[in-house]
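J.: Just so you know, we're using my numbering here: the sequence shown kicks off at 1 and counts up by one.
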Amino acid sequence: MSDDIATLDQQIIHLVGRRAAAARKQTHARVSSGSSRTSLAEENAAIGRYSEELGRPGVNLALLVLGLSDRLPNR
1 MSDDIATLDQ QIIHLVGRRA AAARKQTHAR VSSGSSRTSL AEENAAIGRY SEELGRPGVN
61 LALLVLGLSD RLPNR
């Protein structure tokens with residue numbers, strides 16, 4: 001059972017890293033085209049998706065994921 005949880009944790013960590021890389025690409029493209037660094041509409045949509053699936057804790061998780069997307073180093 002704990003092996004299953006450890007495997008899931010590793011998958012989540014990997015996915016957060018992939019999301020951060022995708023967010024960096026998107027930010028770079030936005031800035032290169034003269035737009036702002038972030039899109040509040042896209043961030044709000046992401047928060048809404050997490051909230052719909054997980055309720056109030058989903059909002060907290062979304063905020064953490066969005067914050068990590070800005071702070072994780074390139075891998």
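Cβ coordinates follow ideal geometry from the N, Cα and C atoms, glycine included.
Considering only the alpha carbon of each residue, which of S33, E53 and L15 lies closest to L68?
T.: As a position in the sequence shown, residue 68 is number 68, starting the count at 1. Residue L15 is the option with its Cα nearest to L68.
J.: Return the Cβ separation of G17 and L66 in integer angstroms, given the expectation that the two are a contact with Cβ distance under 8 Å.
T.: Position 17 of the sequence shown, counted from the start, is the residue given in the question as residue 17. Position 66 of the sequence shown, counted from the start, is the residue given in the question as residue 66. Not a contact, Cβ separation roughly 14 Å.
J.: Can you tell me whether A41 is buried or exposed? The criterion is at least 16 other CB atoms within 10 Å of its CB, across all chains shown.
T.: Translated into the one-based positions of the sequence shown, residue 41 becomes position 41. By the neighbour-count rule (16 or more Cβ atoms within 10 Å), A41 is not buried but exposed.
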